[in-house]
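Student:
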Amino acid sequence: MIRNSEVKSILNRFPKFGDFSIGLEYAPRLPKGIIKETKEIVAYVRKFNDEVVRPNALPLDRKTHEDPDYLPYDLMKKANDWGLYTMWIPKMFGGKGKNLPSASFAIEEMASACVGIANVVMVHYLGFSSLLTSFNMRVTNRIIKDVLEGEKNGGPCLIAFAITEPGAGTDVEDMELVDRGKVVCRAERVNGGYVINGRKVFISMGHVSEWTVFYAYTDLKKPSQAMIELVVRKGTRGFSLGRHEDKMGQRVCPASEIIFDDCFIPDDQVLIDSYSIKKFTGRSQEEVMMKHFDMLASSSKAGVCAMGVGVARGALEEALKFASETEVKGKLLINHEWAQCLLAEMYKNVVLGRLAYIEANNANSHRGIYEMLQMKPIFYYLKYMPKSFFKMLSPMLNMNMTTWAMSTMYLHMKKSEDVNLTSGTSSLAKVAGSDLGIRNCQLAMDLMGEAGLRHDQGVEKRLRDSKLLQIYEGSNQMNRVTLFKGLIAPFFSQARVFNEGREDGI
Amino acid sequence: MIILLNEEMKSFEDLASSFASKELSPHREEGDRFPFGPFNNDILAKAHGVGFLCITLSEDLGGIGQGISALCVILECLCRMDASLGSIIFTSTLSQEIIIRAGREDVLRNITSSAGGPKDLLIAFPAYSNPSEHSSLPLATKGKNGPMLSGAVNYLVLAGIASRALIPARISGQDGYSFFLVDLSDAKVKISDPIFSLGLHACPAADVKLNNAEATLIGNEGEGKTYFEDASNMMNAAAAAMSLGIMRGAFEDALAYCNEREQGGWPIVNWSEMKMILADMAIKMNIANMAVSEACHAIEKKTYGWNVCAKAAALHVQESACHVTTDGIQALGGYGYMKDYGQEKRFRDAQQMKTLLGSSPMRKIEFIDQLNVEG
Ligand SMILES: Cc1cc2nc3c(=O)[nH]c(=O)nc-3n(C[C@H](O)[C@H](O)[C@H](O)COP(=O)(O)OP(=O)(O)OC[C@H]3O[C@@H](n4cnc5c(N)ncnc54)[C@H](O)[C@@H]3O)c2cc1C
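Those sequence lines, one after another, are chains A and B. Under the working numbering, the very last position in the first sequence is 506; numbers go up by exactly one each time. Under the working numbering, the very last position in the second sequence is 375; numbers go up by exactly one each time.
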């Protein structure tokens, strides 16, 4: 019918078959054990929702309005007691090692009850992912030990992630932009480490996290080639917390300003810098940092999509409850045809959003950051080996060789084609999930009319919470460009992104 | 607004704009903290001082005798800065207009002539619903001294600050509903704590329970629907003007920010995708402006189909305002989500306003039913 070579070349044309059939291609490689494990996690989080999230969502949101300085220590303690801060930390670091795509299902569940609380739990994994994708196994291992210790002794030890600066939000997220931006977080090389000066803003859970992974620049004039990744502990001299932002929604999850004032960070808290890049990858600093961000964002953006889906689902559940209990013009709302179509539209949004994050995770598992952990032999090996085995393995993580091997595999050898696919697909999911999250909240509010306006009904809070999803993890505009860059531009040699202004020498 | 055809309208625009920047702007954030912060009585007193609480009442009734155009001009200018005062004015004006349509100018004259302060002038109303949609309105019975009301009124806007309320209630054995004026200080009226709502925080509302509260019948028994529809036909234009004001504020702040904020080495207004967002906002705002102006014109001239025109304007502009304010936050990125910038408040207020005079889907259904009947 058609020759094999022909099939390949035809399918490689735009739109490339492999780019939109990721799930199909990945399916045979999926370890079956993941399904059972994911089901258990969803059930576990539903229980957590019943016992912790739902009873707290509205009262805590109200409390943050009464007292804008409120910080969620109680919630963190509960999440810690439930083991949620080590749930998705791989076993080799001593965590519970649940499969990473299952985190998205968990996020959807939590966000369906309260996306702010979901963030209190899950932003920690943004911090963790930024450690993991540095592939600096020694430093990562050290920080995670604190997290494990925190779980054991009941004092949660969380990791925040800080890249945004007051004058550079979008600019710090792409190496094409950062050199044109106004970054101020400066790292000066000194004996035994770096001295940091500057500020970061909007850092989720900044006030309450023990560790903060952050980025600084050894040369503010050429940041793309001078960006380094470090980690700082709360209480370090020269590191302080500034404003606790007064936000529209997700109020239970604080957004913090963090300030570095001659803050010394020793070498053993440096995750990536020019020396480690030279030692472990042999690539340019710009290239390594872009790969690091793309891999990090590919997992976290799937998570933001899941938050959007969770919000959308929560709004649907709220709307359904209301429609089945409320009479309008002498008839239950659920029996008005327009309401049925509106509810169906909301249901459709939830399902489509879920497919988007599942596909983004398929891409991560098939050709991205989860690839190794999701391989059948490795998955089962990690799943069934006893804890003592990983304890024995732990010192290996501190060896340069391990960091070299991981950096080579991911930061050096990872094909740009794979990185394009995972980052484009996760941006697609992020935009889709966040947009439909808001959409469903608005539809629920339309349906509920006056009742929907009240705080005690819950849906207005969801609307306030959901708007943030279009902003963080890169604005949706930025993510559309990333989608274009990853999934479309490679097929059009004329295409350039962020090129506007270059003609004017900017 | 395009209806600024004459000097008089221009002077109302100047007055309301300067009121907004002098009185509303400095207190916007603080006012938004209600019910967890104090209600700003001072602003209300000043609004009363310049006649904003009785814009459409004739001078004879103690008002400033203006029509829908002046009301819309004032509401738009106020809401551009902060929509809460606009909503207070809207709600009380709606009550006044219903009372006028019910032929009870005497009641209004009494209220204005005996008012000791602004709160005595305000008349609360359940402005987020259409009484016809409710299956459980309070019940009116005959008492010794006249009608008495029992039952619950949810989301009574201005309850907690107004002295009186205009309440729709059913008279047992009769179809339809009637309006009654109730003194909210009556011991038989129980007012809940202020409702904590999505937006318009500085326009308080509460749930009210009536237990044989004395009431005055306003207009004819069973004619409530007619008065409400007549008044709301006109007030649709005012609702649209408020949403237009919010849109204008959101657009102006977004444009100013985009000219100032630099990303990628130049002001973000230069990125063509940002121009698209701003253009969409500006287009929606301009179309809303035309719709409100045309609605005012149609109402004042009582041209054929004026009521349809005003209703369509309200539905369209309120929906547009939700889109524009969403983009208004987006243009400011993370800063747009923070309370120290006005955009997040506009986003909440616009969404809240979409429910004025009833939920938008039900209003759409009524709209098409009305068109169908009127041909
Ligand atoms: C509550 C909250 C929590 C957050 N949590 C964290 C966190 O934990 N860690 C962290 O590091 N950051 C965090 N952020 C920061 C977040 O990622 C940034 O807000 C986001 O990247 C946008 O940056 P910005 O706010 O500086 O907006 P800007 O970059 O100034 O953008 C403003 C507007 O301009 C547009 N724009 C900018 N550049 C371009 C361009 N090139 N082309 C087209 N349009 C453009 C944007 O799309 C946006 O609409 C958080 C933000 C918020 C609000």
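We treat Cβ as the ideally placed atom computed from N, Cα and C, and that holds for glycine.
1. Can you list the residues of chain B that TRP338 (chain A) reaches, using a CB-CB cut of under 8 Å?
2. Cβ of THR86 (chain A) within 7 Å of any heavy atom in ligand 1?
3. Taking 8 Å as the threshold (beta carbon to beta carbon), is VAL328 (chain A) in contact with chain B?
4. At a threshold of 7 Å, does GLN263 (chain B) count as lining ligand 1 (C-beta to nearest heavy atom)?
5. Taking only three categories from DSSP, how would you classify ILE88 (chain B)?
6. Do TYR337 (chain B) and ligand 1 come close, with the Cβ less than 7 Å from some heavy atom?
7. How far does the alpha helix (DSSP H) with ASP120 (chain B) in it reach, from first residue to last?
8. Which residues mark the beginning and the end of the beta strand (DSSP E) in which LYS96 (chain A) is found?
9. Does any CB atom of chain B fall closer than 8 Å to the CB of PRO65 (chain A)?
10. Can you have a look at TRP306 (chain B) and say buried or exposed, based on whether 16 or more other CB atoms are within 10 angstroms of its CB?
11. Mapping DSSP to helix, strand and coil, what is ASP273 (chain A)?
12. Whole angstroms are fine: how far does the CA of SER240 (chain A) sit from the CA of PRO168 (chain B)?
13. Taking the alpha-carbon of PRO248 (chain A) as reference, which of A:ASN476, A:LYS467 and A:ASP69 has the nearest alpha-carbon?
14. Going by alpha carbons, who is nearest to SER359 (chain B) out of A:LYS331, A:SER388, A:SER407 and A:LEU443?
15. Is there contact between the segment 398-415 of chain A and the segment 450-467 of chain A, where contact requires at least three CB pairs shorter than 8 Å?
16. Here's the rule: buried if 16 or more other CB atoms are within 10 angstroms of the residue's CB, otherwise exposed. What is SER232 (chain B)?
17. Would you say the beta carbon of ILE268 (chain B) comes nearer than 7 Å to a heavy atom of ligand 1?
18. 8 Å is my cut-off, CB to CB: does TRP306 (chain B) come that close to chain A?
19. So if DSSP puts ARG248 (chain B) in a beta bridge, which residue, or which two residues, is it bridged to?
20. Say whether chain A places a C-beta atom closer than 8 Å to the C-beta of PHE39 (chain B).
21. Closest to ASP268 (chain A) by CA distance: which of A:THR281, A:ASN349, A:GLY18 and A:GLY193 is it?
22. Which of the three DSSP states is assigned to THR216 (chain B) in this structure?
23. Nearest-angstrom Cα distance between CYS157 (chain A) and ASN136 (chain A)?
24. Against chain A, does MET247 (chain B) count as a neighbour if the rule is that its beta carbon must be under 8 Å from one of theirs?
25. Tell me, to the nearest whole angstrom, how far the beta carbon of GLN330 (chain B) is from that of GLN470 (chain A); I am working on the premise that it is less than 8 Å.
26. Taking a cut of 8 Å between CB atoms, which residues from the segment 91-125 of chain A lie near chain B?
27. What would DSSP say about GLU188 (chain A), mapped onto helix, strand or coil?
28. Name the residues in the segment 159-186 of chain B whose C-beta lies less than 7 Å from a C-beta of chain A; which are they?
29. Starting from the beta carbon of ASP261 (chain A), find every residue of chain B whose beta carbon is closer than 7 Å, and list them in chain order.
30. Using the beta-carbon of each residue, which ones in chain B are nearer than 7 Å to ASP171 (chain A)?
31. Counting pairs of beta carbons, one from the segment 82-101 of chain A and one from the segment 343-354 of chain A, are three or more of them closer than 8 Å?
32. Do GLY245 (chain B) and ARG80 (chain B) have their C-beta atoms closer together than 8 Å?
33. Using DSSP with H/G/I as helix, E/B as strand and the rest coil, what is MET338 (chain B)?
34. Using a Cβ-Cβ cutoff of 7 Å, what residues of the segment 265-276 of chain B are near chain A? List them in chain order.
35. Please say whether PRO223 (chain A) and VAL190 (chain A) have beta carbons closer to each other than 8 Å?
36. What are the residues of the segment 311-337 of chain B that lie near chain A, defined by any Cβ-Cβ distance shorter than 8 Å?
Tutor: If we stick to the structure as given:
1. PRO361 and ILE365, listed in chain order.
2. No, since every heavy atom of ligand 1 falls outside the 7 Å radius drawn around the Cβ of THR86 (chain A).
3. Interface residue, yes.
4. Yes, the Cβ of GLN263 (chain B) comes within 7 Å of a heavy atom of ligand 1.
5. Under the three-state reduction of DSSP output, ILE88 (chain B) falls in the helix class.
6. For TYR337 (chain B), the shortest C-beta to heavy atom distance toward ligand 1 is below 7 Å.
7. Where ASP120 (chain B) is concerned, the enclosing alpha helix (DSSP H) starts and stops at 118-121.
8. Here LYS96 (chain A) belongs to no beta strand (DSSP E), and DSSP marks it neither H nor E.
9. A small correction: the amino acid at residue 65 (chain A) is His; Pro does not occupy that position in the sequence shown. Answer yes: the Cβ-Cβ gap between HIS65 (chain A) and chain B drops below 8 Å somewhere.
10. Buried, since its Cβ has 16 or more Cβ neighbours within 10 Å.
11. ASP273 (chain A) falls in the coil class under three-state DSSP.
12. So the two alpha carbons sit approximately 57 Å from each other.
13. According to the sequence provided, residue 248 (chain A) is Met. The question's Pro does not apply to it. In terms of CA proximity to MET248 (chain A), A:LYS467 leads the group A:ASN476, A:LYS467 and A:ASP69.
14. Cα-wise, what sits closest to SER359 (chain B) is A:LEU443.
15. Output reads no: the segment 450-467 of chain A does not touch the segment 398-415 of chain A.
16. Buried, by the Cβ-count rule.
17. Answer for ILE268 (chain B): yes, Cβ within range of ligand 1.
18. For TRP306 (chain B), the answer is no, since every Cβ of chain A falls outside 8 Å of its Cβ.
19. Under DSSP, ARG248 (chain B) takes part in no beta bridge, so it has no partner.
20. Output row for PHE39 (chain B): interface = no.
21. Out of A:THR281, A:ASN349, A:GLY18 and A:GLY193, A:GLY193 has the C-alpha closest to the C-alpha of ASP268 (chain A).
22. DSSP places THR216 (chain B) in strand when its eight states are reduced to three.
23. Approximately 20 Å, taken between the alpha carbons.
24. MET247 (chain B) does not count as touching chain A.
25. Going by Cβ atoms, the distance from GLN330 (chain B) to GLN470 (chain A) rounds to 6 Å, so yes, they are a contact pair.
26. Cβ contacts with chain B: none found.
27. Looking at GLU188 (chain A) - three-state DSSP - the assignment turns out to be strand.
28. Going along the segment 159-186 of chain B in chain order, one finds no residue with a Cβ nearer than 7 Å to chain A.
29. Neighbours of ASP261 (chain A) across chain B, judged by C-beta separation under 7 Å, do not exist; the nearest C-beta is about 23 Å away.
30. Identification of chain B residues near ASP171 (chain A) by a Cβ-Cβ cut-off of 7 Å yields GLN263 and GLY264, ordered along the chain.
31. In short, these stretches do not touch, since the Cβ pair count stays below three.
32. Yes. Within cutoff.
33. Looking at MET338 (chain B) - three-state DSSP - the assignment turns out to be strand.
34. Residues passing the 7 Å Cβ filter: GLY265, TRP266, ASN270, TRP271, SER272 and GLU273.
35. In this structure, the beta-carbon distance from VAL190 (chain A) to PRO223 (chain A) does not fall below 8 Å.
36. Against chain A - using a Cβ distance shorter than 8 Å - the residues of the segment 311-337 of chain B are CYS322, THR326, ILE329, GLN330, GLY333, GLY334, GLY336 and TYR337.
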